[in-house]
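Its first residue numbered 1007, the sequence shown is counted upward by one per residue in our numbering. All C-beta atoms in this analysis are idealised placements derived from N, C-alpha and C, irrespective of residue type, glycine included. What follows is a short report on a single structure.
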Amino acid sequence: MILQPLVPVDGDLPGPVLTEIAALYATNHAFFELSGDFPDPGRITVEQVAAALADELAHDGAEVLLARSAGRLVGMATTLAHHPDPASEDPDPWIGLLLIDATAHREGYGRAVATLVEDHFRAAGRTGVRLAVLANNPEALAFWQSQGYGFLRRARDRELGRECTVLRKPLTAELP
């Protein structure tokens, strides 16, 4: 599996790749019903995905990383190099979204993509990574905890005020 950054061309996201990403989003209508990110999770359009990705990439230090296996887009992750609140003293990068093709859930892609994202941050010299899991998504919480992420605090997300659990995973051996 390879992890590649999504790179806009002349400020725009490439059409064929955007179509692939929209198809990936569409397989995950159950997640988007929980998140409320799209008005009709059963009918996510290319235009809605393009707008969502543009919003993600507008943050300083944001990346969209595409995961391919045998040439097929099997997942993606959006990441932030630092917390989006400039007043935050949080030193860690964040995983904003990990999305795996729902037709391939439970095949190990989520674990593999999470590991590749962590390796990406380790290579950049980062010592930990954080993420927030929606409170109404216990399966996601169980997944991240099985990957070694530990509870930090409860919070509300910055965009929609949804209840979340903030988790952190050290990327280096930390002293007790």
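Each residue's CA atom was taken as its position, placing alanine 1032 and threonine 1025 some 10 Å apart. Residue pairing from DSSP places glutamine 1010 in a beta bridge opposite Leu1072. DSSP, read as helix, strand or coil, puts glycine 1134 in strand. Between isoleucine 1101 and valine 1135, the gap from beta carbon to beta carbon is short of 8 Å. Secondary structure at arginine 1160: strand, using DSSP grouped into helix, strand and coil. Alanine 1138 counts as buried, since no fewer than 16 other beta carbons sit within 10 angstroms of its beta carbon. With respect to the C-alpha of leucine 1019, the residue from Arg1074, Leu1059, Pro1144, Ala1036 having the closest C-alpha is Leu1059. Isoleucine 1027: member of the alpha helix (DSSP H) spanning 1021 to 1033, first to last residue.
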